[in-house]
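J.: In our numbering, the protein residues as written are 61 to 456.
The C-beta atom is built at its ideal place from N, Cα and C for all residues, glycine as well.
Bear in mind that the values here come from a model prediction, so they are computed numbers and not experimental data.
Please read through the structure below; I'll follow up with questions.
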């Protein structure tokens with residue numbers, strides 16, 4: 061009898077063990093298999109939210125099939141207490157394992173709304189945008205100029221979201237004064253900037269910031285980034301350049317930056333200025349003259365006068381020899397690269413060609429023919445009420 065009971069108990073134990081193993085295997089498969097989502101969604105995890113509350117939310121949104129399996133999987137993988145608040149993109153068909161990884165990874169949120177404060181050469185604006193989970197692309201909600209417009213209702217509402225992300229983007233060619241003045245209008249930053257940084261010292265880039273960050277600290281990050289860029293590129297410079305220090309190279313880079321917005325053209329523009337320096341010719345570039353007038357504080361907004369081209373200032377490269385004393389803007393990485401590794405050419409002149417780029421020339425006669433073509437284009441555009449404002453190296 062006892063033998064029979066023991067045998068039956070052993071059989072029952074084995075059955076239960078097999079059933080448990082099957083249940084575990086089924087749960088593991090449920091946890092790892094593609095989930096029920098037919099379209100990507102954004103899921104927000106509130107600060108301090110419990111795993112139980114998040115699992116219910118995920119189930120209600122159709123992101124997971126079983127909140128109990130999700131919680132068990134989180135416990136088993138050691139992530140039950142690793143929830144990170146924020147908004148997260150959950151892809152179509154994401155498994156519970158992938159959903160758990162998304163909401164426990166931490167770092168910057170991958171979904172929701174973002175404010176981008178863009179500082180450009182002519183103006184600064186704020187763009188509030190939101191990620192469309194269906195396309196994984198940002199959609200603009202509202203754009204405004206904080207210097208000229210009241211804060212829109214959409215922006216005021218978005219500011220109440222603790223998960224709202226912020227970034228500040230510097231365009232290539234902005235001046236240090238423009239950056240400081242624009243940052244004063246960034247309502248999500250705090251504190252003052254003691255002094256305008258040296259021209260050329262700030263790296264054009266996009267910077268993630270936290271709400272309430274100090275403006276001075278952000279300026280410090282921009283300065284550190286520009287130092288790092290030059291430190292990386294200076295040792296890779298071409299031989300025989302007509303400038304001997306990183307500071308002089310930064311001046312050249314700023315001139316190249318202001319002369320062309322076409323990335324592929326920058327090494328060619330740099331070659332013209334290097335060739336002119338090598339031959340003892342004046343640089344004759346309008347952006348330096350303009351900087352001598354404005355000191356980088358705003359945009360000139362008109363053409364240069366002949367009297368201004370003849371006036372002797374430290375920045376008038378129609379009058380002085382060599383480089384001006386400081387950069388005339390904050391150049392980006394590509395312009396610094398161009399200044400340190402210019403194209404090998406014999407060109408000494410360039411002028412706008414009407415397509416947004418420039419026509420380059422080795423001789424004055426060739427350059428004058430290019431200028432005639434440009435003047436004809438200017439006349440056509442003037443008749444049509446258009447204005448280009450492009451510059452170039454003039455003939456002597």
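Could you name each continuous beta strand (DSSP E) segment of 3 residues or more that falls completely within the stretch 350 to 428, going from the start of the chain to the end?
T.: With a minimum length of 3 residues, the continuous beta strand (DSSP E) runs that stay inside the stretch 350 to 428 are 409 to 412, 418 to 421.
J.: State the DSSP-derived secondary structure class of residue 331, mapped to helix, strand or coil.
T.: Residue 331 falls in the helix class under three-state DSSP.
J.: When burial is assigned at 16 or more other CB atoms within 10 Å of the CB, is residue 315 buried or exposed?
T.: Per the 10 Å Cβ criterion, buried.
J.: Reducing DSSP to helix, strand and coil, say where residue 145 ends up.
T.: Coil, per DSSP.
J.: Nearest-angstrom Cα distance between residue 146 and residue 259?
T.: Computed Cα separation, rounded: 38 Å.
J.: Compare the C-alpha of residue 340 against each of 370, 373, 378, 358 and name the closest.
T.: Cα-wise, what sits closest to residue 340 is 378.
J.: Decide yes or no for the touch test of the stretch 192 to 207 against the stretch 254 to 270: beta carbon pairs closer than 8 Å, at least 3 of them.
T.: Counting Cβ pairs under 8 Å, fewer than three are found: no touch.
J.: From residue 394 to residue 325, what distance separates their C-alpha atoms?
T.: Taking the straight line joining both Cα atoms gives about 10 Å.
J.: Quick one: measure Cβ to Cβ for residue 294 and residue 306, integer angstroms, because I've assumed they're closer than 8 Å.
T.: Confirmed, Cβ separation roughly 5 Å.
J.: Please confirm if the stretch 177 to 188 is in contact with the stretch 235 to 245, defined as three or more CB-CB distances below 8 Å between the two stretches.
T.: Yes, the stretch 177 to 188 touches the stretch 235 to 245.
J.: Skipping 5 residues on each side, what residues in its chain have a beta carbon closer than 8 Å to that of residue 160?
T.: So the list reads 130, 133, 134, 137, 139, once near-sequence residues are dropped.
J.: Could you say which of 141, 172, 415 lies nearest to residue 165 if we only look at CA atoms?
T.: Closest option to residue 165, Cα to Cα, is 141.
J.: Taking buried to mean at least 16 other C-beta atoms within 10 Å of its own C-beta, is residue 318 buried or exposed?
T.: By the neighbour-count rule (16 or more Cβ atoms within 10 Å), residue 318 is buried.
J.: Among 271, 320, 296, whose alpha-carbon lies nearest the alpha-carbon of residue 391?
T.: That would be 320, whose Cα lies nearest to the Cα of residue 391.
J.: If you run the structure through DSSP and keep just helix, strand and coil, what is residue 308?
T.: Residue 308: helix per DSSP, three-state reduction.
J.: Here's the rule I'm using: 16 or more other beta-carbon atoms within 10 Å means buried, otherwise exposed. How should residue 298 be labelled?
T.: Exposed, by the Cβ-count rule.
J.: Give the secondary structure of residue 187 by DSSP, where H, G and I count as helix, E and B as strand, and everything else as coil.
T.: Looking at residue 187 - three-state DSSP - the assignment turns out to be strand.
J.: Excluding the 5 residues flanking residue 406 on each side, which residues of the same chain have their C-beta closer than 8 Å to its C-beta?
T.: Within the same chain, residue 406 has close Cβ partners 335, 422.
J.: For residue 109 versus residue 143, is the C-beta distance shorter than 8 Å?
T.: Closer than 8 Å, so yes.
J.: Please return the same chain residues whose Cβ sits closer than 6 Å to the Cβ of residue 282, not counting the five positions on each side in sequence.
T.: 262, 263, listed in sequence order.
J.: Between the C-alpha atoms of residue 176 and residue 193, what's the straight-line distance to the nearest angstrom?
T.: Answer to the nearest angstrom: the Cα atoms are 19 Å apart.
J.: Taking 8 Å as the limit between beta carbons, can you name the residues of its chain near residue 456, skipping five residues before and five after?
T.: Here residue 456 scores only 45 on pLDDT, less than 50, and its place in the model is too uncertain to base an answer on.
J.: For my contact list, residue 214 and residue 201 are in at a C-beta cut-off of 8 Å; report their separation, rounded to the angstrom.
T.: Going by Cβ atoms, the distance from residue 214 to residue 201 rounds to 5 Å, so yes, they are a contact pair.
J.: My output table needs one value for residue 322: the three-state DSSP class, helix, strand or coil.
T.: If DSSP states are grouped into helix, strand and coil, residue 322 belongs with coil.
J.: CB residue 330 to CB residue 402, shorter than 8 Å?
T.: It is a contact, given that the beta carbons lie within the stated cut-off.
J.: Let's see if you can read the secondary structure: which residues bound the beta strand (DSSP E) around residue 118?
T.: Residue 118 -> not in any beta strand (DSSP E); alpha helix (DSSP H) instead, spanning 111 to 120.
J.: So, does the stretch 430 to 441 touch the stretch 354 to 366, judging by three or more C-beta pairs under 8 Å?
T.: Too few Cβ pairs lie closer than 8 Å, so no.
J.: On the DSSP letters alone, give me the boundaries of the beta strand (DSSP E) that residue 135 sits inside.
T.: Segment 127 to 136 is the alpha helix (DSSP H) holding residue 135; no beta strand (DSSP E) there.
J.: Just grab the DSSP bridge partners of residue 192 for me.
T.: Per DSSP, 197.
J.: List the whole-angstrom C-beta distance separating residue 178 from residue 229, where the pair is believed to meet the contact cut-off of C-beta under 8 Å.
T.: The Cβ separation is near 5 Å, so the contact holds.
J.: Express the C-alpha separation of residue 375 and residue 337 in angstroms, rounding to a whole number.
T.: Residue 337 and residue 375: Cα-Cα distance of roughly 15 Å.
J.: Can you give the beta carbon distance from residue 152 to residue 125, rounded, assuming they're within the 8 Å contact cut?
T.: The pair is not a contact, with the Cβ atoms about 14 Å apart (cut-off 8 Å).
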